[in-house]
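Asks:
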Amino acid sequence: MKGEIWSWDASTTAAAIRAGKISSRQAIEAALGRLREVNPAINAVVETLEEEALAAADRADRTANLEAAGPLHGVPVTTKINVDLAGHATTNGLVAMKDALAGEDSAPVAALRRAGAIIIGRTNVPAFSYRWFTGNDLHGTTKNPWNPKLSPGGSSGGAAAATAVGIGAFGHGNDVAGSLRLPASACGIYGMRPTVGRLPSYNPSQRMEPSLCLQIGATEGLLARSVRDLRIGLAALEARDHRDPWQTPAPMPREADRLPCKVALFTGEQEFGTAPEIVSLVRKAAGWLEQAGYLVEEVRLPPLADIAELWMAMLYAECSGPVREAMFELGGDAFRRSFIDSAANFPVLDASSLYRAWERRLSIQREWAVFLSEYPIVLMPTSLQPTFPIDHDLAGPDALAAICKAFTPLSSIAGLALPAISVPAGSAAGAPAGVQIISGRFMEDRCLAAAAVMEEHIGKLRPIDPKVA
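Take a look at the structure:
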C-alpha cells in the first residue's frame, strides 16, 4: 500500500482496516484533510459532514469482529446531493430546497451505510440535476480538476471531480441521460451506469412519485478510480430495498459473462463526425480487447440516433405545462436557458405522440436485445467530442445542438435502459476522454470484465491535484 491513505481506492482501504493496519478514523481523517486541501479549487463537495463522519469512524473502530464487518467498513465515500441523507437538505441544486431536511436516508445512502461506508461529503449537481454541466445558484459551479476552464460534465460532475482528486474512495451518482458516464469521461475516471432496476432508488422526502421516464430510465450508480471498486460499490448498492418496487434482484457475477466474446465496434466517425482523437481512442481500446481474445467487428448498430432523440423528447415531454413553469421559476436563469435551447433539438410530443413514443421505444429495445444476443458487448465513444468548456450549454442554440449530437452515445443507452461503463482510455484535445462499454440488461459482469482488460493497459489511476488557471 503506497501513497497517502486518502489516495487509496476503496478496496485497498477496506482491506487495510480489516487487517488492522489502519483505523477507520485514520481513513476518514485523511479523506477530510484531502477535502479541505483541494475542494476550494474545484467546488466538488458542497456539504462536508466532518463531525458525523468522525463519529461514524469511531463507532466503526469499536467493532469487535472486523472480519464480520461490511465490505466497505470504514471507507470514506461521497454521495450526490440529490439523494436523501437523514437530517440534511436534499437541495438538488435549488435555493428553494436549502432547508428541506430529509427525515430518513434514501435507498443508496442506506445501502452504503449498511455496507459500512462512511459518507464524508455531498457532491454538487446542476439545478434539478437536469443539465450535462454542473453548477447552480445555490452551490455555485464545479470545475474540472484537469482544467478549470472545462466542464466536469453533469449531472454527477461534483462526484466525478471529487473522486478524481481523491476526495473519498469513490462517489455515488445517478444517470438518466449520461449523468454518470459523461462526468467520468470528462474527469478521467470510471463511471458505471447499471441496468435500470438492479439498484434500488427511492427518496423518502419526495412529494410525488417520479415520472414514468425516471421510473424506467434513471438509475443509481457510481464513479471510481478502479474497476474493482466498481464491483465492490455495485455489490453494496444493490442491497435489497423494498421501498423500490422496480428493483429487480439479479444474480451476479456469472463466470460465462467474464469470458471473451464478440464485440461490436462503433466509432460514429461516418454517422456523426466523431472527433478523430476520440475515434483513435475507441480503436485503441478495441485493440486491447482483441489482445485478450475478444472478437471485435466493426458493424452497423441498431437505431442509435433515433432512440437518443426519442428518449430526450420523452424526458422533455414529461416536463411540460405547469411542471415546466415551476421548474423555470425554481431552477434559475442558467437552467431555463439551457433547458429551452436543449429541448429545441427534439420533437415536441403531445399526449398521444408520447404514447406512440413508448411503443417505438419498445420496438427499438427489441432490436437491440436481438443484436446483443449476437454481440454481447458494444464498444463506442462515451462522447463523440472532447470535453466542452464550462457552461457551454449557455452559448446559444447552435452550441446546444452540437452538445446534443455529441452526447448521442449517452442518451441513447439511457433510453435503452442498458448497463454501461465509461472507461478512461486516454485524452482528446488535452483533456481526459472515455470509451463506453455496453452490454445487455443485467449483464454488468460483461462490462466489468471488459473494463478490467482495458485497465491492465491503462494502469492504476491515482488522484490528481487540481490544475489552476
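Number 378 in my numbering belongs to position 232 of the sequence shown; there are no gaps in the numbering. The beta-carbon is built from N, C-alpha and C at its ideal position, and this holds for glycine as well. From a predicted model like this one, the values you see are computed outputs, not experimental measurements.
#1: Which residue marks the beginning of the alpha helix (DSSP H) containing residue 264, and which one marks its end?
#2: Taking residue 511 as the reference, give the member of 288, 173 and 586 with the closest Cα.
#3: For the alpha helix (DSSP H) holding residue 501, just list the boundary residues, first then last.
#4: Given a cut-off of 9 Å, decide if residue 177 and residue 312 are closer than it, judged by their beta-carbon atoms.
#5: Counting only runs of 4+ residues fully inside the region 546–598, write out the alpha helix (DSSP H) ranges in chain order.
#6: Where residue 616 and residue 499 are concerned, what is the direct C-alpha to C-alpha distance, given to the nearest angstrom?
#7: For residue 459 and residue 291, I'd like the C-alpha separation in whole angstroms.
#8: Excluding the 5 residues flanking residue 449 on each side, which residues of the same chain have their C-beta closer than 6 Å to its C-beta?
#9: Tell me which same chain residues have a C-beta within less than 7 Å of the C-beta of residue 442, skipping the five on either side of it?
#10: Would DSSP call residue 456 helix, strand or coil?
#11: Rank 194, 222 and 192 by C-alpha distance to the C-alpha of residue 206 and give the top, closest one.
#12: Can you pull the DSSP bridge partners for residue 336?
#13: Assuming residue 337 and residue 315 make a contact with CB atoms under 8 Å, what is their CB distance in whole Å?
#14: Helix, strand or coil for residue 451 per DSSP?
#15: Is the beta carbon of residue 295 sitting closer than 9 Å to the one on residue 610?
#16: Just how far apart, CA to CA, sit residue 287 and residue 415?
#17: Taking only the alpha-carbon atoms, compute the straight-line gap between residue 614 and residue 332 and give it to the nearest angstrom.
#18: How big is the Cα-Cα spacing for residue 421 and residue 548?
#19: At a cut of 8 Å, does the region 227–243 reach the region 154–168 through at least three beta carbon pairs?
#20: Give, in chain order, every unbroken run of the beta strand (DSSP E) that is at least 3 residues long and sits entirely within the region 176–249.
#21: Indicate whether the contact test is met: 3 or more Cβ pairs, each with one atom in the region 523–538 and one in the region 489–509, closer than 8 Å.
#22: Spell out a yes or no on whether the region 341–348 and the region 363–372 are touching, meaning 3 or more CB-CB pairs, one atom from each, closer than 8 Å.
#23: If you drop the 5 nearest sequence neighbours on each side, which residues of the same chain put their C-beta closer than 6 Å to that of residue 283?
#24: Give me whichever residues DSSP pairs with residue 287 in a beta bridge.
#25: Got a sec, what are the start and stop residues for the beta strand (DSSP E) residue 442 sits in?
Replies: Reading off the structure:
#1: For the purposes of this step, residue 264 is taken as residue 118 along the sequence shown, with counting starting at 1. Element bounds for residue 264: not the alpha helix (DSSP H) but the beta strand (DSSP E), 264–269.
#2: Counting from one through the sequence shown, the residue named residue 511 turns up at place 365. Closest option to residue 511, judged by alpha-carbon separation, among 288, 173 and 586: 586.
#3: In the sequence shown, counting from the first residue as 1, residue 501 sits at position 355. Counting along the chain, the alpha helix (DSSP H) containing residue 501 begins and ends at 497–520.
#4: By 1-based counting over the sequence shown, the position of residue 312 is 166. By 1-based counting over the sequence shown, the position of residue 177 is 31. For residue 312 and residue 177, yes; Cβs fall inside 9 Å.
#5: 554–562
#6: Nothing can be reported for residue 616, as the shown portion of the chain is limited to 147 through 615.
#7: Within the sequence shown, residue 459 is the residue found at index 313, counting from 1. Within the sequence shown, residue 291 is the residue found at index 145, counting from 1. Roughly 32 Å between the two C-alpha positions.
#8: The residue you call residue 449 lines up with position 303 of the sequence shown. Cβ neighbours of residue 449 beyond the five flanking positions: 510.
#9: Working through the sequence shown from its first residue, we reach residue 442 at position 296. Cβ neighbours of residue 442 beyond the five flanking positions: 409, 411, 432, 435 and 436.
#10: Taking the first residue of the sequence shown as position 1, residue 456 is located at position 310. In this structure, residue 456 counts as helix in the three-state DSSP scheme.
#11: On the sequence shown, residue 206 is found 60 positions in, with the first residue counted as 1. When only C-alpha atoms are compared, the closest one is 222.
#12: Looking up residue 336 in the sequence shown gives position 190. Residue 336 is bridged to 370.
#13: Along the sequence shown, read from residue 1 onward, the residue named residue 337 stands at position 191. Along the sequence shown, read from residue 1 onward, the residue named residue 315 stands at position 169. That pair is no contact at about 15 Å.
#14: Position 305 of the sequence shown, counted from the start, is the residue given in the question as residue 451. Helix, per DSSP.
#15: On the sequence shown, residue 295 is found 149 positions in, with the first residue counted as 1. On the sequence shown, residue 610 is found 464 positions in, with the first residue counted as 1. The beta carbons of residue 295 and residue 610 sit no closer together than 9 Å.
#16: Here residue 287 is taken as the residue at index 141 of the sequence shown, counted from 1. Here residue 415 is taken as the residue at index 269 of the sequence shown, counted from 1. If I take the Cα positions, the gap works out to 32 Å.
#17: Looking up residue 614 in the sequence shown gives position 468. Looking up residue 332 in the sequence shown gives position 186. Each residue's alpha carbon lies about 16 Å from the other.
#18: Counting from 1 along the sequence shown, the entry for residue 421 is found at position 275. Counting from 1 along the sequence shown, the entry for residue 548 is found at position 402. Cα to Cα, residue 421 sits roughly 12 Å from residue 548.
#19: No, they do not touch.
#20: 191–194 and 222–226
#21: no
#22: Three or more beta-carbon pairs separated by less than 8 Å link the region 341–348 to the region 363–372, which places the two stretches in contact.
#23: The residue given as residue 283 occupies position 137 in the sequence shown. Counting only Cβ-Cβ distances below 6 Å, and skipping sequence neighbours, we find 241 and 478.
#24: Numbered from its first residue, the sequence shown carries residue 287 at position 141. DSSP lists 281 as partners of residue 287.
#25: Counting from one through the sequence shown, the residue named residue 442 turns up at place 296. 441–444 is the span of the beta strand (DSSP E), which, as asked, contains residue 442.
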